[in-house]
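Residue numbers (our numbering): 102 to 224. C-beta: ideal position from N, C-alpha, C; glycine also.
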């Protein structure tokens, strides 16, 4: 079971990177079945893994973008693209991460991810 301190720490990092409004909306929309999952994502994925030494935040976001592109997660991908831009990644780096992921996931998913990234970059 997670303690509130770990959840709050991870949630703060998640909100700082992805955006406070986005994370508040995620939590507001979470029902009783999902809220624990969101807490685990905040505490573990963001509070523990995202903060590990060895990779920059920009590199971690590019990896997330590549993974999300392979899963077809367009809305979450857009949030990560916006975060990557805020943290200093270039549109070229984002495009190349998606293209690289497309070599594993397939060209259709890569094309959809490019469209989602382009929409996020226009926002």
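Own chain residues within Cβ distance below 7 angstroms of residue i, not counting five before or after
i: residue 128; result: 139
i: residue 143; result: 108, 111, 112 and 115
i: residue 194; result: 163
i: residue 205; result: 171
Integer Cβ distance of residue i from residue j, believed to fall under 8 angstroms
i: residue 210; j: residue 170; result: 6 angstroms
i: residue 220; j: residue 199; result: Actually they do not touch by this definition, with Cβ atoms about 13 angstroms apart.
i: residue 212; j: residue 178; result: Residue 212 to residue 178, Cβ: 13 angstroms. No contact.
Spatially closest choice to residue i from the options, by CA coordinates
i: residue 168; options: 203, 157 and 120; result: 203
i: residue 149; options: 214, 103, 175 and 136; result: 103
i: residue 46; options: 106, 174 and 157; result: Here the chain covers residues 102 to 224 and nothing more, so residue 46 does not appear.
i: residue 189; options: 201, 161 and 208; result: 161
i: residue 223; options: 192, 197, 117 and 208; result: 192
Cβ shell of residue i (< 6 angstroms), same chain only, five flanking positions each side left out
i: residue 180; result: 119 and 123
i: residue 175; result: 217
i: residue 152; result: none
i: residue 158; result: 188
Contacts around residue i, its chain only, beta-carbon distance under 8 angstroms, and the 5 residues preceding and following it disregarded
i: residue 257; result: Lying before the first or after the last residue shown, residue 257 is absent from the chain, which here runs from 102 to 224.
i: residue 147; result: 111, 112, 114, 115 and 118
i: residue 208; result: none
Decide yes or no for the touch test of the stretch 160-167 against the stretch 176-195: beta carbon pairs closer than 8 angstroms, at least 3 of them.
Because the criterion of three Cβ pairs below 8 angstroms is met, the stretch 160-167 and the stretch 176-195 touch.
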